[in-house]
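Enquirer: Take 8 as the starting number for the sequence shown in the numbering used here and just add one per residue. We put the beta carbon where it would ideally sit given N, CA and C, even for glycine. Have a look at the structure that comes next, please.
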Amino acid sequence: MQRFILRRIFASLVALFLVTIIVFSLSRLVGDPLAMLVSEGGYGISESALQIQREKLHLDKPVPLQYFFWLTDVLRGDLGHDLSDGFPVTHKIREKIAPTVQLGVSAWILATIFGLSFGMISAVKRGSLLDYAVRLIANLGITLPAFYVGIMAILIFAVNLGWVPVTVIGTIGSDDPLATVKAMILPVLTLAWGAAAGYMRLMRSSMLEVLDSEYIKLARAKGVDGSKVIWKHALRNSLIVPITVSALLLWNFVTGTVVVEAVFAWPGLGLLAIEAVVNNNLNLVVGTTLVTGVVLITANLVADVLYVLVDPRIRLS
8 MQRFILRRIF ASLVALFLVT IIVFSLSRLV GDPLAMLVSE GGYGISESAL
58 QIQREKLHLD KPVPLQYFFW LTDVLRGDLG HDLSDGFPVT HKIREKIAPT
108 VQLGVSAWIL ATIFGLSFGM ISAVKRGSLL DYAVRLIANL GITLPAFYVG
158 IMAILIFAVN LGWVPVTVIG TIGSDDPLAT VKAMILPVLT LAWGAAAGYM
208 RLMRSSMLEV LDSEYIKLAR AKGVDGSKVI WKHALRNSLI VPITVSALLL
258 WNFVTGTVVV EAVFAWPGLG LLAIEAVVNN NLNLVVGTTL VTGVVLITAN
308 LVADVLYVLV DPRIRLS
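Next comes the structure, spelled out in structure tokens:
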């Protein structure tokens, strides 16, 4: 077990190192990171001031040395400064992480509860009307893109019915908890919709595989109560794959909210990344990309370890 975990940690560190190389290389492929400051539509910085900034950021040195200094700053938590207002990128990302985590974790909890529950029910009631209904909902959830679901939800529940606010601007982080909850309903449901559908299909498939196994058939042949077979034997073994996927999807919820944040103007990391790309703010783009990569690699590590802990039958070799 320890050797497996150490190997996975080492592989994750190698992956993180490769991510830093890729992110740095892509940032240099676009040209001089400070060129936009003096370009048409930029921020009007003089050439002399620009040269001072180049020396300060080590941009006057060879690319390998640039990477070394950049990586040193990253390891110290310094992702540079926003090219538009001079604020530290780390500070801006830290401000936006909380709303993104709030949205992602809420959607993850909702998707996990409903997805696993209805997936199990669908498997147990295989061939019934309820099974077909759950499968239809799951197929719709996987087929319909998040931006379409979000726009239709706003049109129906916010514009036409007026049950929830159209936008979350001014409500997230306010002193009115009820307003915050109402503002979260549509974004959370939109983000959870597709994941819950995936959970349903995954849980149904896993549960059916277990229910068709020999030891379940043997338990039923011996006269073991049906509910006991499902809750004590089938459910536990069916949860191995969904739990592992759930651990990975938790981080995907946190980092993959870009579309939902854009549709609902949610003040999170995804919206910050979009604004950075639109405004050609290279330091912010690099910072948000790097943070996302680190989170996803960490999620894969956690999922691998959790998979082994849940299912000791896995061969660690």
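Just to check my reading of the structure: V156 and W200 have Cβ atoms closer than 8 Å, yes? What is that Cβ distance to the nearest angstrom?
Expert: 6 Å
Enquirer: What did DSSP end up calling P274 once you bin it into helix, strand or coil?
Expert: coil
Enquirer: Please report the straight-line C-alpha distance between G48 and L147, rounded to a whole angstrom.
Expert: With a pLDDT of 49 at G48, under the threshold of 50, the modelled position of this residue cannot be trusted, and the question is left open.
Enquirer: Taking just the CA atoms, how far does I16 sit from V26?
Expert: 15 Å
Enquirer: Among L313, T305, V293, which has the Cα closest to the Cα of S32?
Expert: V293
Enquirer: Is the distance from the Cβ of G122 to the Cβ of G205 below 8 Å?
Expert: yes
Enquirer: Roughly how many angstroms separate the alpha carbons of P95 and D89, rounded to a whole number?
Expert: 6 Å
Enquirer: I think G126 touches R61, with their Cβ atoms under 8 Å apart; what is that distance to the nearest whole Å?
Expert: Not really, about 56 Å apart at Cβ, beyond 8 Å.
Enquirer: With DSSP as the reference, label P172 as helix, strand or coil.
Expert: coil
Enquirer: Would the beta-carbon of P249 fall within 8 Å of that of S213?
Expert: A contact, by the Cβ cut-off of 8 Å.
Enquirer: Is it buried or exposed for M159, if we count other Cβ within 10 angstroms and need 16 for buried?
Expert: exposed
Enquirer: Given a threshold of 16 other Cβ atoms within 10 Å of its Cβ, counted over all protein chains shown, does F24 qualify as buried or as exposed?
Expert: exposed
Enquirer: Note down, in chain order, each residue of its chain lying with its Cβ closer than 7 Å to the Cβ of D67, except the 5 sequence neighbours on either side.
Expert: R61
Enquirer: Mind checking A202: buried by the 16 CB within 10 Å criterion, or exposed?
Expert: buried
Enquirer: What separation, rounded to the nearest whole angstrom, lies between the Cα atoms of I281 and K103?
Expert: 13 Å
Enquirer: With distances taken between CB atoms, is the gap from G275 to V30 smaller than 8 Å?
Expert: no
Enquirer: In whole angstroms, give me the CA-to-CA distance for L289 and S34.
Expert: 7 Å
Enquirer: Can you look up P249 in the DSSP assignment and give me helix, strand or coil?
Expert: helix
Enquirer: Beta-carbon separation of L193 and F154 under 8 Å?
Expert: No, the Cβ-Cβ distance between L193 and F154 is not below 8 Å.
Enquirer: Which term fits V195, buried or exposed, when burial requires 16 or more other beta carbons within 10 angstroms of its beta carbon?
Expert: buried
Enquirer: Which residues does DSSP list as the beta-bridge partners of H98?
Expert: In DSSP, H98 forms no bridge with anything.
Enquirer: On the DSSP letters alone, give me the boundaries of the alpha helix (DSSP H) that D138 sits inside.
Expert: 136 to 150
Enquirer: Can you give me the C-alpha to C-alpha distance between R227 and D219, rounded to a whole angstrom?
Expert: Between the alpha carbons of R227 and D219 lies a distance of about 11 Å.
Enquirer: Suppose you measure from the CA of I247 to the CA of I128; what does that come to, to the nearest Å?
Expert: 17 Å
Enquirer: Out of V141, W273, L308, V315, which one is the CA nearest neighbour of T187?
Expert: Per the Cα distances, W273.
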